[in-house]
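2 protein chains.
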Amino acid sequence: MVISIIGIGLIGGSLAISLKENGFATKIIGVDKNKDHIDKAYRRRLIDDDLSLSEAIDQSDLIILSVPMDSIVSLLPSILDQVEHQIVMEVGSTKASVIEAVRTHPKRSQFVASHPMAGTEFSGPEAAVPNLFDNNCVVLCDTEHSGKATLEVIQKLYTSLNMQMVYLNAKDHDIHTAYVSHISHISSFALALTVLEKERDEKRIFELASGGFSSTVRLAKSSADMWIPIFRQNRENILDVLEEHINTLSKLKNLLTENDFETFHKLIKKSNQIERILK
Amino acid sequence: MVISIIGIGLIGGSLAISLKENGFATKIIGVDKNKDHIDKAYRRRLIDDDLSLSEAIDQSDLIILSVPMDSIVSLLPSILDQVEHQIVMEVGSTKASVIEAVRTHPKRSQFVASHPMAGTEFSGPEAAVPNLFDNNCVVLCDTEHSGKATLEVIQKLYTSLNMQMVYLNAKDHDIHTAYVSHISHISSFALALTVLEKERDEKRIFELASGGFSSTVRLAKSSADMWIPIFRQNRENILDVLEEHINTLSKLKNLLTENDFETFHKLIKKSNQIERILK
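Protein sequence lines correspond, in order, to chains H and V.
Residue numbering for the first sequence follows our numbering, starting at 996 and increasing by one per position.
Residue numbering for the second sequence follows our numbering, starting at 996 and increasing by one per position.
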């Protein structure tokens, strides 16, 4: 199967590695408006060829959209306009807006919305890694609007990547990911800003920061170009979760102010329960 | 050298492993009021003997206090009362209160306050691991009040653990650790509580949570018994940092509310600078 990957970054590049390695793709065509990315993708041997978007669509069996979220929403309708037999899939982090953008499109059945729950804090073709998806979960959304044969190809693709498939509607997906992914990024960005703002002595941070600090701020290295579109698309759900998170932090702050360490102790015990649901 | 370790948990137990392994200790005596810990410490072969506190002091060259922070503060003066030639060291996460507790003690020069910047989210003797301290940093505080020979022993000990020594006064230590350690724990506890509170569908969290979420809430598995005393001792510094962190999150929330993604993009770029100072 010839696969075009639109956007050869962390996710697109990692898909390129794994789908070629496991034989699902016979040829990977890269499409990226950033020429540096195409050059790097060749040097990393991620792609076999690079073409313009319309040439790539013509020559492919499957087109995977792995550009930032707002570009997925704007590109998808015109790509579906151009397809004949081809299947189109996107791998973005929000779902409501992208699915709404093609809701009434005549080729809707040739499209599958998916979200592989895998990534790192790095970006670009140089961030592509083997086995990124292995044993992780992928969400397939609103699959009742995808054609049966189309869906089966995508299911085979994710099975070939050793991913567990979960089926959700777009609305539920966007709420859940606000909790299990988007708020973690906002928390890390804020923590990094807080420490950089107040702790001017960077040498000391470098010396003293141990694994715990690195762990909580690791995501603050993530790409603004990738995350701003996600925050824009999932703004309302994220605002809900962020407000709740600020309230929780304010509650902990009040307990400290009032020296109520008994209640604080109980809340830590409660938060320990996260262990049960973390891998 | 015979070493007594008061509190055979994550830190005490890991010290027991490494100091016996590298030959710095000829014998490790465990002291722990929790009989379960002593039993586990024997089964993990962390200790050679267990004794009462006063017997352990009598038979040791070095006494290491690795109990929760409030117990360190309350135990230290009476331990110093009992020593003759022995050296006493504590490895707690805050410094001002413990150093104040023995400021005028006649045996002050036989005591060294230290904070190895290493740990995990687990606790108890079962959490003890080899090489926990390797290549990490240890802070030695107010060393001008420790005797020269006493300090040299502790420097040799940390050199044997392959740790880099940093010298700070207690006040600065407590401010810095509020930023690079304590706030990370509060942020993780709060994030876990937020998600557990609102995301009632635990199966979904389990399925969807990827590495990013696990990374930011990992510290929420940490022990309440260990962290409440730290928050109590370093309350004022933590309140300062926590207030700043809540302000930063509120600022990000306002940007979302106002759809000001341009400023949000700039702030993410700024937070990316944390990369420069993370290992």
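A virtual CB, placed ideally from N, CA and C, is assigned to each residue, including glycine.
Neighbour-count burial assignment, residue i, 16 or more Cβ in a 10 Å radius
i          : result
Asp1065(V) : buried
Asn1229(V) : buried
Asp1031(H) : exposed
Asp1255(V) : exposed
Asp1157(V) : Asp is not the amino acid found at residue 1157(V); the sequence shown has Asn there. Label assigned to Asn1157(V): exposed.
Tyr1153(V) : buried
Lys1143(H) : exposed
Lys1028(H) : exposed
Lys1198(V) : exposed
Thr1252(V) : exposed
Glu1095(V) : exposed
Arg1271(H) : exposed
Asp1129(H) : exposed
Arg1227(V) : buried
Asp1045(V) : buried
His1080(V) : exposed
Asn1232(H) : buried
Glu1202(H) : buried
Glu1194(H) : buried
Lys1090(H) : buried
Asp1034(H) : exposed
Pro1224(V) : buried
Ser1118(V) : buried
Asn1249(V) : exposed
Asp1137(H) : buried
Pro1111(V) : buried
Ser1049(H) : exposed
Ser1047(H) : exposed
Glu1257(H) : exposed
First and last residue of the uninterrupted alpha helix (DSSP H) at residue i
i          : result
Ser1218(V) : Counting along the chain, Ser1218(V) falls outside any alpha helix (DSSP H), and DSSP gives it neither H nor E.
Ala1303(H) : Coverage of chain H is limited to positions 996 through 1274, which leaves residue 1303(H) absent and any answer about it impossible.
Val1068(V) : 1064-1077
Leu1014(V) : 1005-1016
Leu1057(V) : No alpha helix (DSSP H) holds Leu1057(V); the beta strand (DSSP E) holding it covers 1057-1060.
Val1236(V) : 1230-1252
Glu1197(V) : 1197-1203
Glu1085(V) : Glu1085(V) -> not in any alpha helix (DSSP H); beta strand (DSSP E) instead, spanning 1082-1085.
Lys1030(H) : 1030-1038
His1260(V) : 1256-1266
Phe1117(V) : Run containing Phe1117(V): none; DSSP gives neither H nor E here.
Lys1151(H) : 1143-1155
Residue i: first and last residue of the uninterrupted beta strand (DSSP E) it sits in
i          : result
Lys1022(V) : 1022-1026
Val1161(H) : 1159-1163
Val1175(H) : Per DSSP, Val1175(H) belongs to no beta strand (DSSP E) and is neither H nor E.
His1110(H) : 1106-1111
Val1275(V) : There is no way to answer for residue 1275(V), as the model of chain V reaches only from 996 to 1274.
Val1097(V) : Per DSSP, Val1097(V) belongs to no beta strand (DSSP E) and is neither H nor E.
Val1133(H) : 1132-1136
Proximal residues to residue i (C-beta, below 7 angstroms), its chain only, five neighbours per side dropped
i          : result
Thr1099(V) : none
His1180(H) : Leu1214, Ser1217, Trp1222
Met996(H)  : Phe1019, Ala1020, Thr1021, Asp1056, Leu1057
Cys1132(V) : Met1112, Met1158, Gln1159, Val1161
Ser1120(H) : Residue 1120(H) is actually Pro in this sequence, not Ser. Closer than 7 angstroms at the Cβ level, and outside the excluded window around Pro1120(H), lie Ile1003, Gly1004, Gly1008, His1032, Lys1035, Ala1036, Arg1039, Leu1041.
Other residues of its chain near residue i: CB distance less than 8 angstroms, five sequence neighbours each side excluded
i          : result
Ile1082(V) : Asp1056, Leu1057, Ile1058, Gln1105, Phe1106, Val1107, Thr1145, Val1148, Ile1149
Leu1237(H) : Ile1178, Ile1181
Leu1247(V) : Phe1259, Leu1262
Gly1114(V) : Leu1005, Ile1006, Leu1127
Ile1052(V) : Ser999, Ile1058, Ile1074, Gln1077, Val1078, Gln1081
Beta-carbon contacts of residue i that lie in its chain and below 6 angstroms, excluding the five residues immediately before and after
i          : result
Ile957(V)  : Because chain V spans 996 through 1274 in this model, residue 957(V) falls outside it and cannot be assessed.
His1140(V) : Arg1103
Asp1043(H) : Lys1022, Ile1023
Ser1155(V) : Asn1017, Phe1019
Lys1015(V) : Ile1023
Ala1122(V) : Leu1005
Closer than 7 angstroms at the beta carbon, the chain A residues around residue i
i          : result
Thr1211(H) : Although the question refers to chain A, the structure presented lacks it and instead comprises the protein chains H and V.
Exercise. Should the segment 1206-1213 of chain H be called in touch with the segment 1176-1191 of chain H, which here means at least 3 C-beta pairs below 8 angstroms?
Worked result: Below 8 angstroms, enough C-beta pairs join the segment 1206-1213 of chain H and the segment 1176-1191 of chain H to call them touching: three or more.
Exercise. Using a beta-carbon distance cut-off of less than 8 angstroms, what residues from the segment 1102-1136 of chain H approach chain V?
Worked result: Met1112, Ala1113, Gly1114, Thr1115, Glu1116, Asn1131, Cys1132, Val1134
Problem set entry | Contact between the segment 1033-1042 of chain V and the segment 1058-1073 of chain V (3+ Cβ pairs under 8 angstroms) | no
Problem set entry | the segment 1167-1181 of chain V in contact with the segment 1157-1173 of chain H per 3-pair CB rule at 8 angstroms | no
Exercise. In the segment 1146-1158 of chain H, which residues sit with their C-beta less than 9 angstroms from some C-beta in chain V, listed in chain order?
Worked result: For the segment 1146-1158 of chain H, which is checked against every Cβ of chain V, not one residue is closer than 9 angstroms.
For this session: For the segment 1257-1270 of chain V, enumerate the residues whose C-beta is nearer than 7 angstroms to any C-beta of chain H, in chain order.
Result: Phe1259, His1260, Leu1262, Ile1263, Lys1264, Lys1265, Ser1266, Asn1267, Gln1268, Ile1269, Glu1270
Exercise. Between the segment 1243-1255 of chain V and chain H, which residues of the former have CB atoms less than 7 angstroms from a CB of the latter, in chain order?
Worked result: Thr1243, Leu1244, Ser1245, Leu1247, Lys1248, Leu1251, Thr1252
Exercise. Using a Cβ cut-off of 9 angstroms, which residues of the segment 1067-1092 of chain V contact any Cβ in chain H, in chain order?
Worked result: none
Exercise. Just by C-beta distance, which residues in the segment 1190-1205 of chain H are closer than 9 angstroms to chain V?
Worked result: Val1190, Leu1191, Glu1192, Lys1193, Glu1194, Asp1196, Glu1197, Lys1198, Arg1199, Ile1200, Phe1201, Glu1202, Leu1203, Ala1204, Ser1205
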